[in-house]
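J.:
Numbering (full-length UniProt numbering), first residue to last: 1 to 699.
#1: Contact between the region 630–647 and the region 576–591: three or more CB pairs below 8 Å?
#2: Measure the C-alpha to C-alpha separation of residue 446 and residue 608 and round it to an integer number of angstroms.
#3: Give the secondary structure of residue 604 by DSSP, where H, G and I count as helix, E and B as strand, and everything else as coil.
#4: May I have a chain-ordered list of the beta strand (DSSP E) segments no shorter than 3 residues that lie completely inside the UniProt domain "PAC" (234–286)?
#5: Would you call residue 331 buried or exposed, if buried means 16 or more other Cβ atoms sit within 10 Å of its Cβ?
#6: Using only alpha-carbon positions, find the residue among 256, 523 and 36 that is nearest to residue 498.
#7: Answer yes or no: do residue 190 and residue 184 have a C-beta to C-beta separation smaller than 8 Å?
#8: Output the distance between the C-alpha atoms of residue 623 and residue 696, rounded to the nearest integer angstrom.
#9: How far does the alpha helix (DSSP H) with residue 578 in it extend, from its first residue to its last?
#10: Hey, how far is the Cα of residue 685 from the Cα of residue 329?
#11: Three Cβ pairs or more, each shorter than 8 Å: is that satisfied between the region 87–107 and the region 117–126?
#12: Rounded to the nearest angstrom, what separates residue 515 and residue 436 at their Cα positions?
#13: Confirm, please, whether the CB-CB distance from residue 527 to residue 428 is below 8 Å.
#14: Look at the Cβ atom of residue 462, then the Cβ atom of residue 393, and state whether they are nearer than 8 Å.
#15: Taking the continuous beta strand (DSSP E) assigned at residue 116, which residues delimit it?
#16: Leaving out five residues on either side along the sequence, give the residues of the same chain with a beta carbon under 6 Å from the beta carbon of residue 40.
#17: Taking the alpha-carbon positions, what's the residue 210 to residue 255 distance?
#18: Per DSSP, what kind of secondary structure is residue 4 in: helix, strand or coil?
#19: Tell me the rounded alpha-carbon separation between residue 333 and residue 342.
#20: Can you give the beta carbon distance from residue 60 to residue 107, rounded, assuming they're within the 8 Å contact cut?
#21: If you run the structure through DSSP and keep just helix, strand and coil, what is residue 107?
#22: With a threshold of 7 Å (Cβ to nearest heavy atom), would residue 205 be considered close to the ligand MN?
#23: Only counting the same chain, and skipping five residues up and downstream in sequence, which positions put a Cβ closer than 6 Å to that of residue 381?
#24: Whose CA, out of 103, 104, 34 and 127, lies closest to the CA of residue 42?
#25: Per DSSP, what are the beta-bridge partners of residue 75 in this structure?
#26: Between the Cα of residue 512 and those of 441, 292 and 426, spot the shortest distance and give me the residue it belongs to.
#27: Using the three-state DSSP reduction, which class does residue 467 fall into: helix, strand or coil?
#28: Between the C-alpha atoms of residue 75 and residue 103, what's the straight-line distance to the nearest angstrom?
#29: Decide yes or no for the touch test of the region 296–304 against the region 218–233: beta carbon pairs closer than 8 Å, at least 3 of them.
#30: Could you round the C-beta distance between residue 625 and residue 654 to whole angstroms and report it? I think they count as a contact, below 8 Å.
#31: Going by CA-CA distance only, name the one from 110, 90, 157 and 136 that's closest to residue 101.
#32: In chain order, what residues of the same chain lie with their CB nearer than 7 Å to the CB of residue 567, ignoring the 5 residues before and after it?
#33: Cβ atoms of residue 464 and residue 402: under 8 Å apart, would you say?
#34: If you draw a straight line from the C-alpha of residue 508 to the C-alpha of residue 409, how long is it?
#35: Would you call the CB atoms of residue 669 and residue 637 closer than 8 Å?
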């Protein structure tokens with residue numbers, strides 16, 4: 001490190017100003033002080049000595065600085081420019097010493113803070129001959145000191161903040177105590193909640209005064225403290241006691257306090273009077289129970305109302321079916337010839353009766369929705385065939401207004417599984433609505449196409465009057481009609497679109513409409529290609545309506561259908577005709593079926609209940625049975641079970657012709673019975689005639 005030059009210069013200097021022993025002693029100090037920079041200069045600033053500490057702190061070797069006036073390199077440039085370096089020199093020259101902090105610069109340009117002591121050196125005669133500069137790098141000390149100061153300020157601020165919280169938390173009681181139960185802190189909230197002043201509690205083991213005797217004697221207090229000590233905290237509700245003796249409910253949080261070493265030193269108890277909250281909770285609970293009871297009563301009232309409406313709808317159907325059935329027989333010429341005016345009047349009766357039956361069916365559907373009695377029976381469907389049947393059923397209405405009905409079924413739309421009756425109801429409601437609101441000579445187009453991999457879209461577009469934007473929100477809502485009121489032009493209850501929406505949404509689909517005044521409308525439905533069981537369960541839960549049952553006679557296992565047109569009955573038998581057993585308690589229905597059977601050439605055997613029906617079945621051995629399900633005494637289902645166990649009962653076709661609602665259990669019992677035809681709703685005698693023609697051989 002260039003010690004020779006430094007040592008030589010130092011020795012020459014020291015030999016001039018001291019004995020050999022002094023020189024050796026001072027030189028040993030100079031060499032051993034590695035943490036301190038020791039620099040000796042003359043009055044002109046020439047460096048005479050430069051120890052190992054100076055080399056380590058400043059980075060210069062002794063050979064680079066000894067004998068040279070380079071002391072200014074160690075000063076910060078700002079201190080040189082500001083005159084601070086000269087001021088330090090002048091003060092040391094004047095007073096003999098200067099001590100303080102200065103900014104210094106290392107050889108590599110790095111700045112640091114040093115504590116410097118500058119002492120004036122004198123010769124034996126007392127004349128100034130130079131300076132000794134002893135300095136130490138205190139940068140890290142300054143940083144640590146600043147950090148400690150910052151931490152101290154933060155602790156002070158935190159303490160002030162916590163103290164402010166402690167004093168300002170008047171709603172919360174905050175109590176600190178040691179492990180022995182001595183209270184160390186008692187805030188204003190504790191005073192307000194418990195009624196004790198701080199001087200009554202601090203420094204004393206009075207926490208037990210705050211608890212009820214039952215909690216203390218029962219060990220609840222000790223158990224809470226033990227839980228807090230084990231887990232670090234505990235939260236619970238306690239009965240507390242004020243100074244006045246009044247008890248109240250408090251929510252208490254107990255937190256274990258630890259010292260700097262991590263050992264437990266006490267507890268912090270924060271509590272709040274929740275008596276009012278508990279009272280509100282109890283009041284809310286009571287109100288909720290009252291609301292639940294009221295809701296239950298409303299639901300029960302709705303259920304009873306819906307059952308009443310459903311039962312009334314069935315009862316209304318009974319006489320109406322008689323009217324429609326006999327009118328059909330007369331209109332078809334089955335009771336003899338009649339004049340054209342009479343035939344026209346009968347046609348009017350049929351039209352009005354069927355319209356009334358449609359209204360009753362709508363009300364019945366809504367009743368089923370509200371009563372939670374809707375059911376789905378999915379099966380693979382031929383969409384094109386289904387659309388054709390609905391279109392054919394509305395052909396008369398379309399022809400009356402000279403409206404062209406087009407269908408566009410995408411050939412790629414295959415694999416559709418749905419409830420055929422409900423899908424037909426959707427198509428019927430959309431198409432009949434379009435025909436109703438389309439002017440004469442217009443056009444209605446029904447489209448069906450894939451929507452996505454697992455859904456398909458049905459659209460019915462018309463060239464009708466269109467719908468105003470403000471009226472779109474009234475569509476698909478029960479009993480809402482756009483032309484309601486005294487000026488109403490179109491018939492209906494306003495249930496068709498609403499029921500359509502329920503049916504579609506029950507299957508996980510959606511409905512919608514696009515329209516503008518004078519530009520026609522497009523009603524659409526997006527449905528899943530495959531109906532899944534979850535939707536059927538949801539539907540059975542009562543969210544959506546049951547559809548009207550189709551009246552087309554289903555195929556019967558093992559029976560070849562008759563292709564004879566429905567309007568052309570077979571001739572009566574010359575010999576004794578085959579017997580058809582009719583089991584029905586309604587006199588009008590009995591007479592209607594009896595007349596229809598006689599016109600078809602069969603011998604009706606009419607019985608009013610199941611017991612007499614079984615006896616007649618044994619006696620007459622009928623070729624077929626027409627059965628009602630809802631009868632006094634033995635029900636139709638019980639009759640069917642017992643009839644199937646008779647000699648000829650297992651192979652005899654049974655036509656269930658009923659106005660009764662079929663539950664899931666009913667349909668399950670009927671599902672595997674063959675040969676069997678179920679005609680629900682009794683929409684006139686024609687469906688029954690078709691079913692009889694399909695089931696029975698020509699008489």
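All C-beta atoms, glycine included, are put in the ideal place defined by N, C-alpha and C.
Keep in mind the model is a prediction, meaning the values are calculated, not measured.
T.: Taking the structure as given:
#1: yes
#2: Computed Cα separation, rounded: 46 Å.
#3: strand
#4: Listed in chain order, they are 247–258 and 264–273.
#5: buried
#6: 523
#7: no
#8: 7 Å
#9: Unbroken run through residue 578: none, as it is neither H nor E.
#10: Near 8 Å, if we compare the C-alpha coordinates of residue 329 and residue 685.
#11: Yes: the two stretches touch, three or more of their Cβ pairs being nearer than 8 Å.
#12: Their backbone Cα atoms lie some 16 Å apart in a straight line.
#13: no
#14: no
#15: Under the DSSP assignment, residue 116 falls in the beta strand (DSSP E) whose first and last residues are 111–122.
#16: Excluding residues within five positions, the ones whose Cβ falls inside 6 Å are 48, 49 and 132.
#17: 18 Å
#18: Interpretation of residue 4 is limited by its pLDDT of 29, a score under 50 that renders its predicted location unreliable; no figure is taken from the coordinates.
#19: 11 Å
#20: With 8 Å as the limit, residue 60 and residue 107 qualify as a contact, their Cβ atoms being about 5 Å apart.
#21: coil
#22: In the structure on display, the ligand MN does not appear, and there are no ligands present to speak of.
#23: 416, 418 and 420
#24: In terms of Cα proximity to residue 42, the closest of 103, 104, 34 and 127 is 127.
#25: Answer by DSSP bridge pairing, in chain order: 104.
#26: 426
#27: coil
#28: The C-alpha of residue 75 lies about 7 Å from the C-alpha of residue 103.
#29: The region 296–304 is not in contact with the region 218–233.
#30: 5 Å
#31: 136
#32: Annotation note: pLDDT 34 at residue 567 (below 50); position unreliable, coordinate value reported separately. Sequence-distant partners of residue 567 (beyond 5 residues in either direction) whose C-beta falls short of 7 Å from its own C-beta, in its chain, are 332.
#33: no
#34: 22 Å
#35: yes
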